[in-house]
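Enquirer: Here's a structure for you.
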Amino acid sequence: MIQVTVLVDPKQQNCGILISGHAGYKEPDRYQRGQELVCAAVSALALNMANSVEHFTDTPFLAEVEEDSGMFRFQFTQEADAEAALLMNSLIFGLLDIQEEYGEPYIKICYKEV
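This note's numbering applies: residue 1377 is where the sequence shown begins, and numbers increase by one.
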């Protein structure tokens, strides 16, 4: 299962995210070599958010990726500007859609105050 922890600051703003694990979801006979659809979708959303924050905003952040374990960590190092906050919220919206579509056997999202 993919575990997503959304980090929330004291002002109730989403300030970071930690994603770990693998979903293991596969659609048989549709994708070669058992492509993991849920993992691929989560990875694409997360990496796009990080790249977009880097290229389109001035908000500083720390990010870390460990491909073998499936771990992705991203956190703003100061309060996010409007564009960076929108990108983070868009990522979370997309992850919630994936959770709704495929369910908790594959992805679980929780929130943690930091």
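Ideal placement from N, C-alpha and C gives every residue a C-beta, glycine not left out.
Going by beta-carbon coordinates alone, are Phe-1437 and Phe-1452 separated by less than 8 Å?
Expert: Contact: yes.
Enquirer: Identify the continuous alpha helix (DSSP H) that holds Gly-1392 and give its terminal residues.
Expert: No alpha helix (DSSP H) holds Gly-1392; the beta strand (DSSP E) holding it covers 1390-1396.
Enquirer: With a threshold of 8 Å, are at least 3 pairs of Cβ atoms found where one atom belongs to the region 1383-1392 and the other to the region 1418-1427?
Expert: Too few Cβ pairs lie closer than 8 Å, so no.
Enquirer: Compute the Euclidean distance between the alpha carbons of Leu-1467 and Ile-1393, then round it to the nearest angstrom.
Expert: Approximately 10 Å between the Cα atoms of the pair.
Enquirer: Considering only their Cβ atoms, is the gap separating Ala-1458 from Met-1464 smaller than 8 Å?
Expert: Going by C-beta atoms, Met-1464 is not nearer than 8 Å to Ala-1458.
Enquirer: Identify which residue in Phe-1432, His-1398 and Thr-1433 has its Cα closest to the Cα of Ala-1416.
Expert: Checking every option, the nearest Cα to that of Ala-1416 belongs to His-1398.
Enquirer: Can you look up Val-1382 in the DSSP assignment and give me helix, strand or coil?
Expert: Looking at Val-1382 - three-state DSSP - the assignment turns out to be strand.
Enquirer: Taking C-alpha atoms, which residue in Val-1380, Asp-1385 and Val-1384 lies nearest to Ile-1395?
Expert: That would be Val-1380, whose Cα lies nearest to the Cα of Ile-1395.
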